[in-house]
Structures are given as C-alpha cells and as structure tokens.
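*Asks:* Shown below is the structure under consideration.
Numbering (this note's numbering), first residue to last: 3 to 132.
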C-alpha cells in the first residue's frame with residue numbers, strides 16, 4: 003500500500019496554515035486497475051491475460067482486468083508493474099509494448115505522483131480480430 007499526506011505549513015501551523023488532515027491510501031489492486039485500463043486503451047492490445055490455473059477464464063475483459071497485472075512497491079515510492087496482455091495479430095510487439103509502458107508510466111505518475119520503476123509487458127497470447 004502507499005501512503006500520502008499533506009505536509010505541515012512552513013510557519014509551524016499558525017492561523018491560515020494547512021495542516022495534515024489524514025492519510026490517503028491506495029491499494030495495489032487500484033494501481034493495477036489504473037495500469038490495466040490504461041493498457042487496454044493502447045491500439046493493438048486486445049485484452050488482459052491471466053495464467054492458466056488461476057482461473058477458468060484466461061482472457062480477461064474489463065470486469066476482471068486487474069487480474070492481468072501485478073504491482074509491487076519498492077522502497078516506499080517506486081512502483082514495478084507487470085502486465086500480461088493479449089495482442090491483436092499484425093501489430094508490432096516492440097511498438098505496442100513500448101506504447102503500453104509509456105502510457106502506464108504517465109498515468110501512474112500523473113494520478114498517484116509515484117515514481118515508476120519497471121513496467122514489464124508480457125505478451126501471453128496473440129489473437130486475430132473477430
């Protein structure tokens with residue numbers, strides 16, 4: 003989990019200064035949702051993939067999409083994200099992978115203010131468009 007709070011005002015908390023009001027916590031599952039929903043917007047990504055044995059349904063749509071991601075917090079401020087994707091045939095794996103990495107990094111940094119370490123994209127299956 004991640005914690006974040008407002009820093010006390012430099013004037014020591016005198017009248018008009020902002021004081022900490024509490025803590026905001028974001029679960030790893032929420033971070034995974036952000037990463038997955040961002041990845042699903044990249045052209046060439048068809049769906050998220052879940053390894054066999056974890057579920058009968060291996061290809062995941064939005065309702066269970068976070069299961070196609072794993073998030074780890076390193077050193078309290080750096081996130082590592084692993085994403086398992088199903089790609090549409092005919093797309094460049096390196097280009098789609100790089101686009102997923104960039105978009106996920108941007109979204110996580112913008113929404114959570116955390117540094118992104120590694121974003122590993124695992125292409126687990128390739129499908130033809132219906």
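Quick reminder that beta carbons are idealized off the backbone N, C-alpha and C, glycines included.
This one's a predicted model, so the numbers in the text were calculated from it and none came from an experiment.
Going along the chain, which residues of its own chain have a beta-carbon closer than 6 Å to the beta-carbon of residue 30, five neighbours each way excluded?
*Replies:* Answer for residue 30: 73, listed in chain order.
*Asks:* Is the Cβ of residue 41 closer than 8 Å to any Cβ of chain B?
*Replies:* Protein chain content of the structure displayed is limited to a single chain, and chain B is not contained in it.
*Asks:* In whole angstroms, give me the CA-to-CA distance for residue 98 and residue 20.
*Replies:* Spanning the two alpha carbons is a distance of roughly 44 Å.
*Asks:* Taking Cβ positions, are residue 51 and residue 117 nearer each other than 8 Å?
*Replies:* No, these two residues do not count as a Cβ contact at 8 Å.
*Asks:* Check the DSSP bridge columns for residue 69 and list the partner residues they point to.
*Replies:* Note: residue 69 sits in no beta bridge, so no partner.
*Asks:* For residue 106, tell me which candidate among 41, 35 and 80 has the shortest Cα-Cα distance.
*Replies:* Of the listed residues, the one whose Cα sits closest to residue 106 is 41.
*Asks:* Leaving out five residues before and five after residue 89 in sequence, what residues of the same chain have Cβ atoms less than 8 Å from its Cβ?
*Replies:* Taken in chain order, the residues that qualify are 46, 47, 48, 95, 98, 125, 127, 128 and 129.
*Asks:* Are the CB atoms of residue 37 and residue 110 nearer to each other than 8 Å?
*Replies:* Yes, they are a contact pair.
*Asks:* Using CA atoms only, rank isn't needed, just tell me which of 113, 115 and 86 is closest to residue 122.
*Replies:* Closest by alpha carbon: 86.
*Asks:* Measure from the alpha carbon of residue 70 to the alpha carbon of each residue in 39, 100 and 78, then state which is nearest.
*Replies:* Answer by Cα proximity: 39.
*Asks:* If you drop the 5 nearest sequence neighbours on each side, which residues of the same chain put their C-beta closer than 8 Å to that of residue 119?
*Replies:* For residue 119, where only same-chain residues beyond five positions count, the Cβ hits under 8 Å are 76, 80, 81 and 82.
*Asks:* Do you know how far the Cα of residue 84 is from the Cα of residue 93?
*Replies:* For residue 93 and residue 84, the distance between alpha carbons rounds to 20 Å.
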